[in-house]
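Chains as they are written, first to last, in the working numbering: chain D, 852 to 1071; chain H, 2 to 414.
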């Protein structure tokens, strides 16, 4: 599904050059649940951003479904992100000015899809995460756990093949965190590939595989 | 998608009301100035009101003559003889009218003297221009032929001279001549219509005017339909080439042109008396460029304000990019938002323009000004608002579309 070969990433500022990732070889199989662990600043989020095509590697190559992405233009990358990936962020990143249903609809705006169909898919996604009754609320009217569930609904509304979750429970208490984990496991059980960054060993153990990152490199 | 854009735009505007109000004020002020200018230009140059037929009439306003060696040149208004001999009988015209300029005269009434502007016109003048008669009647061919000393006043002058009493039937003394007022018409400002008093040509104190090739006349050439105008322009040009001056040794070549109102204005402004091109297109282009330039400064200010607003929204931009928005789609979103704000500003501006025009009318800074917001001004105003929206939205939109999603998501745009 996702293959990274000898991927490196360096960030440069005026004076400093920081090697964020070095020679990463990673393969995530279709339907797999991969947990990514490591200390803060080790490069987990950078790796997740590279997998999700939010960033480009300095060296090495990334292939999705066997297709290398090196020469993809902005428009093609955007299309691939829209159809293949769903993102869940630690800080939810819901648009505060839009109602829950409008937030969930957002990925579908960038597809040729009619308003009624968008609405119906968004409603179904919200019902799946148990928030069918909160469609007309605004994000600030929901608890943290509910906001993350809205973010999950937004991530799955376009039926992506891969869910990329960057510390999805990091801002939640343990009960809400557990609820979110249950939803992710349920989605994985339905065939969605999940790659999750976490600091929580217990959560990571619920994944099929744990990948550990240290100083920008994968460790066994 | 548009609904989502509209919702976001509305919420973004409402999030910082003062910011939005400053933006709107900036847009409204700019557009009011531009729309007032547009309304005045429209009234001056487009077929409206009393000159509603100007879409199918041409004006021959000036006559230009030069010696064979081009050493001597003369530019003047037309003489009556030129109108009569060379223009009155051009083929295919519905009517030809001769009118003098509006010249200041002293009107005596008892021990009171009023300075008013007077034109002398022929009977066709009243048939080409659509004056609104408020009382009495307009002069006829019969009045002209008989040389009757009759005059028409505009509403303001009638009130000034006679108060609330009916003016028709009363007498006025102009430059030692006594006229009977036979009619009162509504006040008008238009180029060929403006005056306080009108009298037939034949009321001139002498018949000298009939033998002059230059003088104080303009000819109005009314075509049967607007499509005939280019042909008539060619006929006028040909008539000028066949013109033989009263002083042929001094003036070997004469030129006069059949012009639209804009062309007359441009020709007088640019002194293009000796060429067919009046420079009207250049004048229009200059006006357009001046308007764009005028929009540019507030647009730059708005660009700055929009940049700040864009940076505030970097997380939203990151999220949209993560979920598949292309740079172009994001740029389109901001441009749409900005154009919408400008269109709202345009609507407010139109209301303010109507108010400013009303104040301008009431102030009498420009006598007899009657101008309002009509469909053409509305359309032009909305177009200006749209252009303003594009001008001020494109740069921030382009910058926004190029934000790196990873940085944007961190809020470090």
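C-beta atoms are modelled at their ideal positions from N, C-alpha and C, and glycine is treated no differently. Model, not experiment: these values are computed from the prediction.
Under 9 Å by beta carbon: chain H residues contacting residue i
i, result
"residue 944 (chain D)", "316, 317, 319, 320, 323 and 410"
"residue 865 (chain D)", "Per Cβ cutoff of 9 Å: no residues; residue 865 (chain D) is ~16 Å from chain H at best."
"residue 961 (chain D)", "2, 321, 324, 325, 326, 327 and 330"
"residue 1065 (chain D)", "Correct list: empty, because the minimum Cβ distance to chain H is about 21 Å."
Strand pairing of residue i, partner residues [DSSP]
i, result
"residue 359 (chain H)", "Bridge partners of residue 359 (chain H): none, in fact."
"residue 862 (chain D)", "D:869"
"residue 878 (chain D)", "D:854"
"residue 1016 (chain D)", "D:939 and D:1047"
"residue 918 (chain D)", "D:915"
"residue 106 (chain H)", "H:117"
"residue 35 (chain H)", "Looking at the DSSP assignment, residue 35 (chain H) forms no beta bridge with any residue, so it has no partner."
"residue 1058 (chain D)", "Paired residues: none, contrary to the question."
"residue 1065 (chain D)", "D:1068"
"residue 887 (chain D)", "D:1048 and D:1062"
"residue 75 (chain H)", "H:66"
"residue 43 (chain H)", "Looking at the DSSP assignment, residue 43 (chain H) forms no beta bridge with any residue, so it has no partner."
Beta-carbon neighbours of residue i, restricted to chain D and to distances below 9 Å
i, result
"residue 8 (chain H)", "948, 949, 950 and 953"
"residue 328 (chain H)", "925, 926 and 929"
"residue 475 (chain H)", "Examination of residue 475 (chain H) is not possible in this model, given that chain H is present from 2 through 414 alone."
As assigned by DSSP and simplified to three states, the class of residue i
i, result
"residue 249 (chain H)", "coil"
"residue 409 (chain H)", "helix"
"residue 67 (chain H)", "strand"
"residue 289 (chain H)", "helix"
"residue 269 (chain H)", "helix"
"residue 1041 (chain D)", "coil"
"residue 60 (chain H)", "strand"
"residue 260 (chain H)", "strand"
"residue 140 (chain H)", "coil"
"residue 28 (chain H)", "helix"
"residue 201 (chain H)", "strand"
"residue 101 (chain H)", "strand"
"residue 208 (chain H)", "coil"
"residue 158 (chain H)", "helix"
"residue 1007 (chain D)", "helix"
"residue 992 (chain D)", "helix"
"residue 303 (chain H)", "helix"
"residue 338 (chain H)", "helix"
"residue 910 (chain D)", "strand"
"residue 377 (chain H)", "helix"
"residue 968 (chain D)", "helix"
Within chain H, the residues that residue i reaches when beta carbons sit closer than 7 Å
i, result
"residue 884 (chain D)", "Neighbours of residue 884 (chain D) on chain H: none; closest Cβ ~21 Å, over 7 Å."
"residue 930 (chain D)", "325"
"residue 958 (chain D)", "324 and 325"
"residue 933 (chain D)", "324 and 325"
Close beta carbons around residue i, own chain, < 6 Å, minus the five adjacent residues each side
i, result
"residue 381 (chain H)", "39"
"residue 131 (chain H)", "51 and 53"
"residue 987 (chain D)", "950"
"residue 337 (chain H)", "6"
Presumed contact (8 Å Cβ cut-off) between residue i and residue j, rounded CB distance
i, j, result
"residue 947 (chain D)", "residue 989 (chain D)", "7 Å"
"residue 343 (chain H)", "residue 389 (chain H)", "5 Å"
"residue 137 (chain H)", "residue 184 (chain H)", "4 Å"
"residue 58 (chain H)", "residue 224 (chain H)", "7 Å"
"residue 256 (chain H)", "residue 275 (chain H)", "6 Å"
"residue 292 (chain H)", "residue 347 (chain H)", "That belief does not hold up - the Cβ atoms of residue 292 (chain H) and residue 347 (chain H) are roughly 14 Å apart, past 8 Å."
"residue 940 (chain D)", "residue 1002 (chain D)", "7 Å"
"residue 68 (chain H)", "residue 241 (chain H)", "That pair is no contact at about 16 Å."
"residue 1005 (chain D)", "residue 955 (chain D)", "5 Å"
"residue 145 (chain H)", "residue 123 (chain H)", "6 Å"
"residue 182 (chain H)", "residue 164 (chain H)", "Rounded, the Cβ-Cβ distance is 13 Å, inconsistent with contact."
"residue 983 (chain D)", "residue 969 (chain D)", "No, residue 983 (chain D) and residue 969 (chain D) are not in contact; Cβ-Cβ is about 16 Å, not under 8 Å."
"residue 1 (chain H)", "residue 162 (chain H)", "Residue 1 (chain H) lies beyond the range of chain H shown here (2 to 414); nothing can be said about it."
Cβ neighbours of residue i in the same chain (closer than 7 Å, five flanking residues each side left out)
i, result
"residue 55 (chain H)", "48 and 262"
"residue 95 (chain H)", "223, 224 and 225"
"residue 370 (chain H)", "190, 361 and 362"
"residue 142 (chain H)", "124"
"residue 12 (chain H)", "none"
Contacting residues, own chain, Cβ-Cβ under 8 Å from residue i (five flanking each side not counted)
i, result
"residue 118 (chain H)", "103, 104, 105, 106, 195, 196, 197 and 198"
"residue 837 (chain D)", "With chain D covering only 852 through 1071, there is no way to say anything about residue 837 (chain D)."
"residue 932 (chain D)", "903, 904 and 905"
"residue 233 (chain H)", "59, 91, 93, 94, 222, 224 and 259"
Interface partners of residue i on chain D, CB under 7 Å
i, result
"residue 407 (chain H)", "900, 905 and 906"
The ligand ADP heavy atom lying under 7 Å from the CB of residue i
i, result
"residue 1038 (chain D)", "The ligand ADP is not part of the structure shown, which contains no ligands of any sort."
Closer than 8 Å at the beta carbon, the chain D residues around residue i
i, result
"residue 16 (chain H)", "948"
Under 8 Å from the C-beta of residue i: neighbouring residues of chain H
i, result
"residue 1022 (chain D)", "Within 8 Å Cβ-Cβ: nothing; residue 1022 (chain D) doesn't reach chain H, min ~15 Å."
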